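Engineer: Please read through the structure below; I'll follow up with questions.
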Amino acid sequence: MTTILYDYYVERIGKGEPTLFLPAAGFSGNEGLNIAEHLQEDYETHMIDLPGLGKSAGLEGKVTSLTLANWVNEYMEQQQIHEANLIGHSLGGAIALAFAVHYPSKVNKLILLDQGHKPFPKAPTSEFGPFAYLFPFLNLGVQSFGQPFLRQLAPLFMKGDEQKNDIEKQIQQFCQIVDVEESEYIRTAMKHQGDFSVNGLNLMFGYYNLNLPKLLKQLSVPTYLVYGTFKGLNEKEYNNTYHYIRKIQKHDLPVTYRAVKGGHYVNWSSEWSINELEDFLTIAE
Numbered sequence: 001m002t003t004i005l006y007d008y009y010v011e012r013i014g015k016g017e018p019t020l021f022l023p024a025a026g027f028s029g030n031e032g033l034n035i036a037e038h039l040q041e042d043y044e045t046h047m048i049d050l051p052g053l054g055k056s057a058g059l060e061g062k063v064t065s066l067t068l069a070n071w072v073n074e075y076m077e078q079q080q081i082h083e084a085n086l087i088g089h090s091l092g093g094a095i096a097l098a099f100a101v102h103y104p105s106k107v108n109k110l111i112l113l114d115q116g117h118k119p120f121p122k123a124p125t126s127e128f129g130p131f132a133y134l135f136p137f138l139n140l141g142v143q144s145f146g147q148p149f150l151r152q153l154a155p156l157f158m159k160g161d162e163q164k165n166d167i168e169k170q171i172q173q174f175c176q177i178v179d180v181e182e183s184e185y186i187r188t189a190m191k192h193q194g195d196f197s198v199n200g201l202n203l204m205f206g207y208y209n210l211n212l213p214k215l216l217k218q219l220s221v222p223t224y225l226v227y228g229t230f231k232g233l234n235e236k237e238y239n240n241t242y243h244y245i246r247k248i249q250k251h252d253l254p255v256t257y258r259a260v261k262g263g264h265y266v267n268w269s270s271e272w273s274i275n276e277l278e279d280f281l282t283i284a285e
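Residue numbers for the sequence shown follow the UniProt record's numbering, so the first one is 1 and each next one is one higher.
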């Protein structure tokens, strides 16, 4: 049997019940800083960089839901954490969801921030513009040729130095696009965005191939799903979200749903309070 040891980059805040925070693609673990500081009296929050998209070592080979679950499990084993709460946003939420499905006995409660209720689009134009229409073909190349093909693709996903350096402009544009108010938490996250690597791209294509609603339907742990409605922001995404929420709610799942007026970054939305997340963690099942 082969033992795999991963290197993790983690920032910890607080004391008490262990809670793991996994961020969205493009951000370091400290995307969860506002949540970690709010919970610090009763929870020790581990803000973990995603593999290959921050300072944590990347994943090699084909990335599946079990690969992602094992990555989280190895961290818990290393830290001798037998059970934890998991909070994940976007790609981080997909990893937390995978862990909860494959290792339910190790999850106390799961918080999904705009994740799991609808499939990741086959052409993610909101993230990558017209370039996104190439994703099905690029995905086929990744599945067929693996690492050599990823190395060829990597330069297409890297930001230019000029874009990296103009951080103030980035912050303003980001807040306008996702409809959130500027804050020191957003400023900190934007200034410490996750480092990109070829293995990070491998993770993104693994995420691209996950069937998220199918994973959600397999949940057996208490889950709090906070999702953006996109009402008034993106009519197409609003209708898409409404369709998939109605569809998933037909299943008898251990999920509490919370609709938030706004977009994908519900964790920074003024329409939602972290007090609600804390209430979910403290309520006995």
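Here a beta-carbon is modelled for each residue, glycine too, at the ideal position from N, C-alpha and C.
Everything numeric in this text was worked out from a predicted model, so none of it was measured.
Once you ignore the five residues that flank F27 on each side, which residues in its own chain have a CB closer than 7 Å to its CB?
Structural biologist: The answer, listed in chain order, is A189, Q193, G194.
Engineer: For my contact list, H46 and L20 are in at a C-beta cut-off of 8 Å; report their separation, rounded to the angstrom.
Structural biologist: At roughly 5 Å, the Cβ-Cβ gap stays under 8 Å, so H46 and L20 are in contact.
Engineer: So which of N267, G52, E31, H38 has the shortest CA-CA distance to Y8?
Structural biologist: Closest option to Y8, Cα to Cα, is G52.
Engineer: Pick helix, strand or coil for S56, following the three-state DSSP scheme.
Structural biologist: Residue state, collapsed to three classes: strand.
Engineer: Within this structure, are the beta carbons of L92 and A36 separated by less than 7 Å?
Structural biologist: With the sequence shown as reference, residue 92 is identified as Gly, and Leu is not the correct amino acid for it. No, Cβ-Cβ distance for G92 and A36 is not below 7 Å.
Engineer: Please classify I111 as buried or exposed, where buried requires at least 16 other C-beta atoms within 10 Å of its C-beta.
Structural biologist: By the 10 Å Cβ count, I111 comes out buried.
Engineer: Is DSSP giving E162 helix, strand or coil here?
Structural biologist: Because the pLDDT at E162 is just 47, under 50, the model does not fix this residue reliably, and the value given afterwards should be weighed accordingly. Helix.
Engineer: Do you know how far the Cα of F196 is from the Cα of residue 287?
Structural biologist: Lying outside 1 to 285, the shown extent of the chain, residue 287 is not represented and no answer is given.
Engineer: Would you mind working out which of Y224, H102, F157, R187 sits nearest I171, comparing C-alpha positions?
Structural biologist: Ranking the options by Cα distance to I171, first place goes to R187.
Engineer: By Cβ distance below 7 Å, which residues in the same chain neighbour E237 in space, the five residues on each side in sequence not counted?
Structural biologist: Cβ within range, chain order: F230.
Engineer: Spatial neighbours of M100 within its chain, please: CB distance less than 7 Å, with the 5 preceding and 5 following residues excluded, ordered by chain position.
Structural biologist: Looking at the sequence shown, residue 100 is not Met but Ala. Within the same chain, A100 has close Cβ partners L86, V107, L110, L219, V221.
Engineer: With three or more C-beta pairs closer than 8 Å as the rule, is the stretch 198 to 205 touching the stretch 138 to 155?
Structural biologist: Yes: the two stretches touch, three or more of their Cβ pairs being nearer than 8 Å.
Engineer: Check whether the Cβ atoms of V255 and D114 sit closer than 7 Å, and answer yes or no.
Structural biologist: No, the pair does not count as a contact, with Cβ atoms beyond the cut-off.
Engineer: For S269, which residues from the same chain have a beta carbon less than 7 Å from its beta carbon, with the 5 sequence-adjacent residues on both sides left out?
Structural biologist: Within the same chain, S269 has close Cβ partners V180, V260, G262.
Engineer: With a 10 Å radius around its C-beta and 16 neighbouring C-beta atoms as the bar for buried, classify Y140 as buried or exposed.
Structural biologist: Checking the sequence shown, residue 140 turns out to be Leu, not Tyr. Under this definition L140 is an exposed residue.
Engineer: On a CA-only basis, which of F205, I248, G228 is nearest L216? Give me that one, please.
Structural biologist: Nearest of F205, I248, G228 to L216, Cα basis: I248.
Engineer: Assign E31 to one of two classes, buried (16 or more other C-beta atoms within 10 Å of its C-beta) or exposed (fewer than that).
Structural biologist: It is buried - the Cβ of E31 has at least 16 other Cβ atoms within 10 Å.
Engineer: Please state whether DSSP places H251 in a helix, a strand or coil.
Structural biologist: Coil.
Engineer: Pick out whichever of T282, N240, E235 has its Cα sitting closest to the Cα of P119.
Structural biologist: Comparing Cα-Cα distances from P119 to each of T282, N240, E235, the minimum goes to N240.
Engineer: Need the endpoints of the beta strand (DSSP E) that G88 sits in, please.
Structural biologist: From DSSP, the beta strand (DSSP E) with G88 extends over 84 to 89.
Engineer: Between the alpha carbons of A98 and T64, how many angstroms are there, rounded?
Structural biologist: So the alpha carbons of these two residues sit roughly 9 Å apart.
Engineer: Is it the case that the Cβ atoms of F280 and Y224 are separated by a distance below 7 Å?
Structural biologist: Yes; because the gap between Cβ atoms is below 7 Å, this pair is in contact.
Engineer: Measure the alpha-carbon distance for G232 versus V178 and round it to whole angstroms.
Structural biologist: Whole-angstrom Cα-Cα distance: 12 Å.
Engineer: So the candidates are Q147, L253, G16, I245; which of them puts its Cα closest to the Cα of F205?
Structural biologist: If we check each option's Cα against that of F205, Q147 comes out closest.
Engineer: Round the Cβ separation of E17 and E44 to the nearest angstrom and send it over; I've been treating them as touching at under 8 Å.
Structural biologist: At roughly 7 Å, the Cβ-Cβ gap stays under 8 Å, so E17 and E44 are in contact.
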